[in-house]
Amino acid sequence: MGETGGYESDRAFRADEERSVIPIPVETDAMLAILNLPKEMSNNGIFKEHQGLVLEMIHSIVLQEHYDRATHDDLPEEDPFLVSFRFGFCFLMLHSTAEFLNLKTLGEGIVKTVGLDQSATELLTGSEIDAFKANLELRALTILQAYLNSAGLDRLNELKPRQARLIRVGVI
Numbered sequence: 006m007g008e009t010g011g012y013e014s015d016r017a018f019r020a021d022e023e024r025s026v027i028p029i030p031v032e033t034d035a036m037l038a039i040l041n042l043p044k045e046m047s048n049n050g051i052f053k054e055h056q057g058l059v060l061e062m063i064h065s066i067v068l069q070e071h072y073d074r075a076t077h078d079d080l081p082e083e084d085p086f087l088v089s090f091r092f093g094f095c096f097l098m099l100h101s102t103a104e105f106l107n108l109k110t111l112g113e114g115i116v117k118t119v120g121l122d123q124s125a126t127e128l129l130t131g132s133e134i135d136a137f138k139a140n141l142e143l144r145a146l147t148i149l150q151a152y153l154n155s156a157g158l159d160r161l162n163e164l165k166p167r168q169a170r171l172i173r174v175g176v177i
């Protein structure tokens, strides 16, 4: 009975150990799940190709101590720091790859439904992709806001929508 208890506690310890992960980079399958993208996209090499670029982007916008922690420390899956960096990484990955994923290759792409009955689809236009990318970057920086350096905060302020100003018009 003593051995069983030891075995169970060892197994529980290993389970806890397995639930600790390094926040970034996020594995492709996990990233696709977070972004609600089809699992079939895991075969697309674009995500591996852009991984270094996304890591460098994050490195340029967050404080060094936070970047070091995000790329080296094992953290519990529910840790807010881990969640922030994982989601930030995923949004920036989609930001980095969106226009390439929008290319019509093998019937895949980022599409919108069109028509009165929404039975047809078409690829996003260039301006729609730009707006989509800006929204993704805004979401990523908002999630990472507590960890941003001055360059990251400046970029976040640039991306935030401005409130319309009241303009008085008079006729002379």
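Letter by letter, the sequence shown follows residues 6 to 177 of the working numbering. Glycine included, every Cβ here is placed at the ideal spot set by N, Cα and C. Here the structure is a predicted model, which is why all the values come from computation and not from measurement.
Assignment of A103 by DSSP, reduced to helix, strand and coil, places it in the helix class. As for any alpha helix (DSSP H) of minimum length 4 sitting wholly inside the stretch 119-148, the runs are 131-148, ordered along the chain.
The beta carbon of K138 lies closer than 7 Å to those of H100, A103 in the same chain, with the five residues before and after it left out. Taking the C-beta atoms as reference points, M62 is found no nearer than 8 Å to L40. When the five nearest sequence neighbours on each side are left out, the beta carbons in the same chain lying within less than 6 Å of the beta carbon of T33 are those of S47, F52, in order along the chain. L141 is the residue among L141, R173, I172, V174 whose C-alpha sits nearest the C-alpha of K165.
Counting C-beta pairs with one atom in each stretch, the stretch 146-154 and the stretch 62-77 have three or more that are closer than 8 Å, which means they touch. In the displayed model, P30 falls within coil according to three-state DSSP, outside both helix and strand.
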